[in-house]
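Under my numbering, think of the first position of the sequence shown as 411, with each following residue one higher. A virtual CB, placed ideally from N, CA and C, is assigned to each residue, including glycine. Single-structure report; data block below.
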Amino acid sequence: MSCTFCNGFRCSLEASNNPNHGTHIHISKLEANFPVREEFSYPFFFTRSGSVHATTVKSLVNQIIGSRIWGYYLPPSYNENHYKTYKTFVVPDLSPAYMELYRFSFDDIFVEKAIAEEVVFIGSHDYSLSNLTQGGPTNNEGRTDFLTPIPGIQYYCYNGDWSDNCAGCIPQNVSGQEYMEYFRDGCGYPVEVGGLGEDYLDHVVNEVLPAVQLLTNDRIRFEIRNNLGIGGCSLGGLLACHALWTRPNTFGMGWCKSSSFWWPTEVNVDNGFYFLNHTIKKTNLGPRAPQRIYIDVGELEEDPYYAQVSAALAVVDTMIANSPQFSMDESLWFTLASGQVHSSTNCMSRTWNSLSLLSPPAGAARNPNPPA
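See the structure below:
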């Protein structure tokens, strides 16, 4: 249901004697004098739960990508109002199973707490590389390949694997840098991986989004950049920030959480910090289309080798320095998550931060059953 209000009053819909929606209308003006002639209002009614769906999308242009399973979360009001359209966020790593696991958290953000406008999430954790031959051992986990914009080095054990420290070749309780140095100095061998991030983004924009739009009867708004975002954690955060910086005319907003800004690892096991040292310092400088970006990192993620906290702070500072469009706490936000280590669970626990800033609530409260 959609409502068009043209009279000079404030209207609210009542549910159990409590208003669940309100909208402010111009007072003492004829409709002909309105800058925008109509105000469309989409109230909630009583649906509290979103829904999760899955589909297979086949790339018609990239054989490596091939066919992959994608999930999409539809917010609670989706089946109440068949005319309402939604902002959309692409979220790497957010598979249909993960969406179902975190659906209650999303519903809580949109309905119970009403701290963000409803959005659609589209994501995948299908990184199989069964149709790609690698230089290393058989490996069906291509997450690194698809979520990194440039190639890097991954070390494999001569004996054993990461779980047993290369059959004991690497001592216990060494630092991150020492661990990689043992690989370099005899416990393992290097293989070039990664660098398919641009192909993956092309697939998402040109094939996945249109496929989901068709399945949702054209109710996701991704053609207008202000309504399309991307967000991720770890390597997903790296890809999200890369997409936001290099494709400002496609993505109008997004988040980069606990991002792997250290990528790539080089053959001498130094980390290249390519996004920080090259991408945001040498590409797309100066004026750009308006964007809103949220960056965060856990307080306990700092490590001299990966420098998660230091790199995130440097990325924020460099974005502000290299683009006049960004202003702290207005179009660019940074959060240091107190007491948190690097984990996908901690990233997901900060979903409310990013959504409340990138998709803030508008108008009056929309809680279907507000407290008495």
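Among all the DSSP beta bridges, which residues are the ones paired with residue 601? Beta-bridge pairing links residue 601 to 564.
Take residue 482 and list the residues in its own chain whose beta-carbon comes closer than 7 Å to its own, dropping the five residues that flank it on each side. Excluding positions up to five away in sequence, the list reads 463, 530, 531, 532 and 622.
Of the listed residues 647, 469, 459 and 581, nearest to residue 620 (C-alpha basis): Minimum Cα distance to residue 620 is reached at 469.
Along the chain, where does the alpha helix (DSSP H) that runs through residue 719 open and close? For residue 719, the enclosing alpha helix (DSSP H) begins and ends at 718-732.
Taking contact to mean 3 or more Cβ pairs, one atom from each stretch, closer than 8 Å, check whether the region 660-671 and the region 697-717 are in contact. Using a Cβ-Cβ distance cut-off of 8 Å, the region 660-671 and the region 697-717 are in contact, since at least three pairs of beta carbons, one from each stretch, lie closer than that value.
DSSP bridge partner residues for residue 665 (one or two, in chain order): Paired residues: 641 and 704.
Out of 457, 528, 688 and 592, which has the shortest C-alpha to C-alpha gap to residue 637? That would be 528, whose Cα lies nearest to the Cα of residue 637.
Sequence-distant residues of its chain with Cβ nearer than 6 Å to residue 730 (five each side left out): Closer than 6 Å at Cβ, skipping near neighbours: 736.
For the alpha helix (DSSP H) holding residue 586, just list the boundary residues, first then last. Counting along the chain, residue 586 sits inside the alpha helix (DSSP H) bounded by residues 586-592.
How would you call residue 506, buried or exposed, if buried means at least 16 neighbouring beta carbons within 10 angstroms? By the 16-neighbour rule on beta-carbons within 10 angstroms, residue 506 is buried.
Residue from 525, 745, 502 and 522 whose Cα sits closest to the Cα of residue 552: The candidate whose alpha carbon is nearest that of residue 552 is 502.
Would you identify the three-state DSSP class for residue 763, choosing helix, strand or coil? Here residue 763 sits in helix by DSSP.
Rounded to the nearest angstrom, how far is the Cβ of residue 639 from that of residue 662, given a contact under 8 Å? That pair is a contact at about 7 Å.
Whole angstroms is fine: what's the gap from residue 523's alpha carbon to residue 681's? Answer to the nearest angstrom: the Cα atoms are 41 Å apart.
Pairwise C-alpha distance: residue 614 and residue 472: A straight-line Cα-Cα distance of about 12 Å links residue 472 and residue 614.
Just the Cα atoms here: how many angstroms apart are residue 756 and residue 479? Each residue's Cα considered, the two are about 25 Å apart.
Who are the Cβ neighbours of residue 713 in its own chain at under 8 Å, not counting the five residues just before and after it? Listed in chain order, the non-local C-beta contacts of residue 713 below 8 Å within the same chain comprise 585 and 586, local neighbours out to five positions each way being set aside.
How long is the line joining the alpha carbons of residue 596 and residue 617, rounded to whole angstroms? Taking the straight line from one Cα to the other gives about 44 Å.
If you measure between the beta carbons of residue 711 and residue 749, is that distance less than 7 Å? Taking 7 Å as the Cβ cut-off, residue 711 and residue 749 do not qualify as a contacting pair.
What alpha helix (DSSP H) runs, 4 residues minimum, are completely inside the region 443-527? Within the region 443-527, the complete alpha helix (DSSP H) runs of at least 4 residues are 506-517.
Tell me residue 675's beta-bridge partners as DSSP assigns them. According to DSSP, residue 675 bridges with 681.
Would you call residue 521 buried or exposed, if buried means 16 or more other Cβ atoms sit within 10 Å of its Cβ? Here residue 521 is buried. Its C-beta has 16 or more other C-beta atoms within 10 Å.
In whole angstroms, give me the CA-to-CA distance for residue 426 and residue 761. Because the pLDDT of residue 426 is 40, which lies under 50, any placement of that residue in the model is unreliable, and the question is left without a value.
Under the DSSP definition of a beta bridge, which residues are partnered with residue 533? Beta-bridge annotation (DSSP): residue 533 is paired with 481 and 501.
Go through its chain and collect everything with a Cβ distance to residue 600's Cβ below 6 Å, but skip five positions before and after it. The residues are 563, 565 and 677.
Buried or exposed by the 16-neighbour rule on C-beta atoms within 10 Å, applied to residue 493: Burial check for residue 493: the Cβ neighbour count within 10 Å stays below 16, so the residue is exposed.
Mind checking which residues open and close the beta strand (DSSP E) that includes residue 747? For residue 747, the enclosing beta strand (DSSP E) has its first and last residue at 742-747.
Which residue comes first and which comes last in the alpha helix (DSSP H) that contains residue 632? Annotation for residue 632: no alpha helix (DSSP H) segment contains it, and DSSP assigns it neither H nor E.
Looking at the unbroken alpha helix (DSSP H) that takes in residue 556, where does it start and where does it end? Judged by DSSP secondary structure, residue 556 falls within the alpha helix (DSSP H) whose first and last residues are 553-557.
Based on Cα-Cα distance, which residue from 656, 606 and 631 lies nearest to residue 497? It is 631 whose Cα lies nearest to the Cα of residue 497.
Taking 7 Å as the cut-off, decide whether the C-beta atoms of residue 747 and residue 686 are in contact. Not closer than 7 Å, so no.
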